[in-house]
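K.L.:
Numbering (numbering that gives the first Met the number 0), first residue to last: 0 to 183.
Every residue, glycine too, gets a C-beta built ideally from N, C-alpha and C.
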Amino acid sequence: MGRGPALPQEGRIVQEFGTVKGFPVGLAQEARTYACGRLNKVLADTQILYGLYKKHHWLMRGATFYQLHLVLDKHAGEQLALVDALAERVQTLGGVAVGDPRHVAELTTVPRPPDGVEEVPAMLSRLLEAHEAILTDAHDAAARTAALGDDGTNDLLVSQVIRTGELQAWFVAEHLVDTPLVRA
Ligand SMILES: [Fe+2]
């Protein structure tokens, strides 16, 4: 007779959020703690941006529906890849990555959109504002973590978060140029 799984299980917290454990990666505990704090903020905002892209992918409308529907989903996928890279960087530094969406909501500073449907330009400008807020924060975090010797975090923020965000902002921003669809 086999036994079923031992459920449910409850245990103590083995590592608190906001702490880093000792890790032999050649970086001081102070530098790793600082980087994890900055990374978790970018991670929370990036998870919200991912959600915004999906929401707008679904709710898009108008003459350019199909193009926007596709490009917003592509950007969502790229943001989701950043979410994973940021979370795994936090773990690499011995920290605890923010994961639960309700915890994410507590950390993010990206404004919550209405539950209903906004006009198309408002949806696009909301994405651009989120991009700019994340980019501004990422530039600052990249400079400060580099100053503490954390080249890996600097590289992730510059090569992935900033480069991806800038490119995506370009693609979205060009949809907000006032171009007549029919007559010049
Ligand atoms: Fe879809």
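Here's a check: name, in chain order, each residue in its chain whose Cβ is nearer than 7 Å to the Cβ of residue 68, leaving out the five neighbours to either side.
P.N.:
Once the five neighbours on either side are set aside, the close Cβ partners of residue 68 are 56 and 59.
K.L.:
Taking C-beta to C-beta, are residue 40 and residue 126 nearer than 8 Å?
P.N.:
No, they are not a contact pair.
K.L.:
Note down the Cα distance separating residue 76 from residue 43, rounded to an integer number of angstroms.
P.N.:
Between residue 76 and residue 43, the C-alpha separation is close to 16 Å.
K.L.:
So, residue 152 versus residue 34, is the Cβ gap smaller than 8 Å?
P.N.:
Yes, the Cβ-Cβ distance between residue 152 and residue 34 is below 8 Å.
K.L.:
Considering only heavy atoms of ligand 1, list every residue whose Cβ is less than 6 Å from one of them, following chain order.
P.N.:
Counting every residue whose Cβ lies closer than 6 Å to a heavy atom of ligand 1, we get 56 and 72.
K.L.:
Do the CB positions of residue 133 and residue 164 come within less than 8 Å of each other?
P.N.:
Yes, they are a contact pair.
K.L.:
Cα-Cα, which of 172, 176, 173 and 166 is closest to residue 78?
P.N.:
It is 166 whose Cα lies nearest to the Cα of residue 78.
K.L.:
What separation, rounded to the nearest whole angstrom, lies between the Cα atoms of residue 141 and residue 154?
P.N.:
In a straight line, the C-alpha of residue 141 is about 8 Å away from that of residue 154.
K.L.:
For residue 27, which residues from the same chain have a beta carbon less than 6 Å from its beta carbon, with the 5 sequence-adjacent residues on both sides left out?
P.N.:
Closer than 6 Å at the Cβ level, and outside the excluded window around residue 27, lies no residue.
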